[in-house]
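What the sequence shown shows, in our numbering, is residues 15 to 80, in sequence order. All residues carry an ideal CB built from backbone N, CA and C; glycine is no exception. Since we're looking at a predicted model, the values are computed, not measured.
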Amino acid sequence: MSDDRMTNLEIKLSFTEDLIEKLNETVYKQQQQIEFLYRELKAIKEQASSAGGGGGSLKDEIPPHY
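Rendered as structure tokens:
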């Protein structure tokens, strides 16, 4: 194997390792965001279920201006 070819392979390997590290960081950040959004959605669902305990539909509610 020639020195130029070996050098090119080493350069490509270096860039590949850097790319993998960046992708890893991106995936980690996205997972953190997903977990945060999941907790937010769960809290919103709990608030909605506790506030709307009557179980009536929106048709049953009369707007205040009527």
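Query                                                                                  : Result
Simplified DSSP assignment, three categories, for residue 15                           : coil
C-alpha gap between residue 23 and residue 42, whole angstroms                         : 28 Å
Inter-residue spacing [alpha-carbon to alpha-carbon] between residue 20 and residue 47 : 41 Å
Three-state class that DSSP yields for residue 75 in the structure shown               : coil
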